[in-house]
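A.B. asks:
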Amino acid sequence: MSDEALILVGNDKGGTISALRLDGDRLVEEAVTEVGLGCSTFAVDPARDLVYCAVKDPEPAILTLRLDRSTGGLTEIARRPVDDPLAYLAITPNALLAASYHGGWGTSYQVVDGVVGPEMGRMSHRNMHAAVPDPKGRNAYFVSLGDDLIAQYSIATDGELVELSAPFVRVTPGDGPRHLVVSADDRNAYLITEFTGQAVRFDRSEGGRLDKAEDVQAFDAASGLGISAYGRDPRADHLIWGADVALADGWLLCTERTESTVAAVRLDGDGRLTDTVVLTHVEKQPRGLAVAPDGRHVVVAGEASDHAALYRLERDGRLVALDRIHTGSGPNWVRFVA
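Counting in the numbering used here, the sequence shown runs from -2 upward without gaps.
1. Using 8 Å as the threshold, is the C-beta distance between residue 96 and residue 126 below it?
2. Helix, strand or coil for residue 293 per DSSP?
3. Express the C-alpha separation of residue 3 and residue 207 in angstroms, rounding to a whole number.
4. Among 45, 286, 238, 30, which residue has its Cα nearest to the Cα of residue 216?
5. Using a Cβ-Cβ cut-off of 6 Å (strictly less than) and excluding sequence neighbours within five positions of residue 108, which residues of its own chain qualify?
6. Using DSSP with H/G/I as helix, E/B as strand and the rest coil, what is residue 174?
7. From this set, 289, 153, 22, which residue's C-alpha is nearest residue 335's C-alpha?
8. For the alpha helix (DSSP H) that residue 234 lies in, which residues bound it at each end?
9. Near residue 31, which residues of its chain fall below 7 Å by C-beta distance, leaving aside the five closest residues on each side in sequence?
10. Are the CB atoms of residue 51 and residue 83 nearer to each other than 8 Å?
11. Residues in its own chain within less than 7 Å of residue 9 by CB, not counting five upstream and five downstream?
12. Please report the straight-line C-alpha distance between residue 331 and residue 229, rounded to a whole angstrom.
13. To which residues does DSSP link residue 117 through a beta bridge?
14. If you reduce the DSSP assignment to three classes, tell me which class residue 257 lands in.
15. Check residue 28 in the structure and name its three-state DSSP category.
16. Are the stretch 279 to 286 and the stretch 295 to 309 touching by the rule of at least three beta carbon pairs closer than 8 Å?
17. Excluding the 5 residues preceding and the 5 following residue 53 in the sequence, name in chain order all residues of the same chain whose CB lies nearer than 6 Å to its CB.
18. Just to confirm the assignment, what range does the beta strand (DSSP E) spanning residue 318 have?
19. Counting only the same chain and skipping the five closest in sequence on each side, list residues whose C-beta sits under 7 Å from that of residue 265.
20. Mind checking residue 231: buried by the 16 CB within 10 Å criterion, or exposed?
21. Tell me the residue span of the beta strand (DSSP E) that contains residue 308.
22. On the three-state DSSP scale, how would you describe residue 215?
23. Use the C-beta contact count for residue 333: other C-beta atoms within 10 angstroms, 16 or more gives buried, fewer gives exposed.
24. Leaving out the 5 sequence neighbours to the left and right, which residues in its chain are closer than 6 Å to residue -1 when beta-carbon positions are compared?
25. Counting pairs of Cβ atoms below 8 Å between the stretch 184 to 191 and the stretch 112 to 125, do you hit three or more?
26. Just the Cα atoms here: how many angstroms apart are residue 57 and residue 143?
27. Mark residue 300 as exposed unless 16 or more other C-beta atoms lie within 10 angstroms of its C-beta, in which case mark it buried.
28. Residue 180 and residue 292 look like a contact to me (Cβ under 8 Å); what is the Cβ gap, rounded to whole Å?
29. Around the C-beta of residue 44, are 16 or more other C-beta atoms found within 10 angstroms, so that it is buried, or is it exposed?
30. When you compare each of 85, 252, 99, 26 to residue 67 by their alpha carbons, which one comes out closest?
31. Do you know how far the Cα of residue 76 is from the Cα of residue 98?
32. Please work out which residues of its chain come closer than 6 Å, Cβ to Cβ, to residue 136, disregarding the five sequence neighbours upstream and downstream, and give them in chain order.
33. Among the candidates 241, 249, 254, 22, whose CA atom is the shortest distance from the CA of residue 233?
34. Give me the Cα-Cα distance between residue 78 and residue 131, rounded to the nearest whole angstrom.
35. Roughly how many whole angstroms lie between the Cα atoms of residue 112 and residue 166?
36. Any chance you could list the beta strand (DSSP E) runs of at least 3 consecutive residues sitting entirely within the stretch 17 to 99, in chain order?
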């Protein structure tokens, strides 16, 4: 199995992780591992062949799983109970970052030989939805949907979180910031909002501070979607339901679940958002997506279709469907293993 072709899909309701192989323009199932209900986020440490996975059953915990690249199988080697279910995990060279939506907190854990150890800093904000490092692992960004802000920290060598001089950056009240990604060159960060479906770019300073720049709509505006709010049902009321965001070869890809679309927003040479937005209808209720190392293949998980679908990103921003495969119940998290 090619290292670049291995894909892991978390099936939240089924309690499994599916290992898929990218075979040309096809998806092939290699293995399915039972991990526990609520496996809606995981982080991959490719250098050590470890996967850190959050589960809810029988209690909230972080599992450390050993990855067998030859088969795609996962074996549990450690387990750490946590206070509340987790919405996001991300690994850095010095720490494991975590965010709890229902607990309203974010933290950094020390990790030694795959064992998740003590917390090295915790902050509290409502509905924490993401914990995202920069590519070098020097900064951590915690996205609070409930407080409409991004808390920003540096990460010390022992994993401790240290507030930046500006401890947070605010977004427009009521937008509902959800997921964030930092560009490979460290110059830009991009946010997707859940309630308004906005793609928002931030300038990123050398020290990691974010400053809000431009934004564009990343949903099907012609479909009549309304602005959502905390506690409302976007499916019943036909409201915007933004979810995930990823970068791919000059485009920012954003999922919206009510109309089941991926919006490809063209970036200019400096990474700024342009007005070119290309919509593609994809798997039903696309919550998670990931871009292959080649920058052209995209895998989208349909939370309500129980399938993962493979697309090719064209130069004009269209996503061309290539293949789809049944995974498990409620797939919502996708990562390529580099």
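Backbone N, C-alpha and C define an ideal beta-carbon position, used for all residues, glycine too.
C.D. replies: Taking the structure as given:
1. yes
2. coil
3. 33 Å
4. If we check each option's Cα against that of residue 216, 238 comes out closest.
5. 93
6. strand
7. Residue 289 is the option with its Cα nearest to residue 335.
8. First-last of the alpha helix (DSSP H) with residue 234: 231 to 234.
9. Answer for residue 31: 12, 13, listed in chain order.
10. yes
11. 35, 36, 37, 327, 329
12. 26 Å
13. Answer by DSSP bridge pairing: none, since residue 117 is not bridged.
14. Here residue 257 sits in coil by DSSP.
15. strand
16. A contact exists between the stretch 279 to 286 and the stretch 295 to 309.
17. 34, 35, 82
18. Run containing residue 318: 316 to 323, per the beta strand (DSSP E) assignment.
19. 271
20. buried
21. 304 to 310
22. coil
23. buried
24. At residue -1 the pLDDT is 46, less than 50, meaning the model places this residue with poor confidence and gives no usable figure here.
25. no
26. Rounded to whole angstroms, residue 57 to residue 143 spans 22 Å at the Cα level.
27. buried
28. Not a contact, Cβ separation roughly 13 Å.
29. Around the beta carbon of residue 44, fewer than 16 other beta carbons sit within 10 angstroms, so the residue counts as exposed.
30. 26
31. 20 Å
32. Its chain contains 151, 205 as the residues whose beta carbon lies nearer than 6 Å to that of residue 136, once the 5 sequence neighbours on both sides are disregarded; these appear in chain order.
33. 254
34. 26 Å
35. 32 Å
36. 23 to 31, 38 to 42, 47 to 52, 58 to 64, 71 to 78, 85 to 88, 93 to 97
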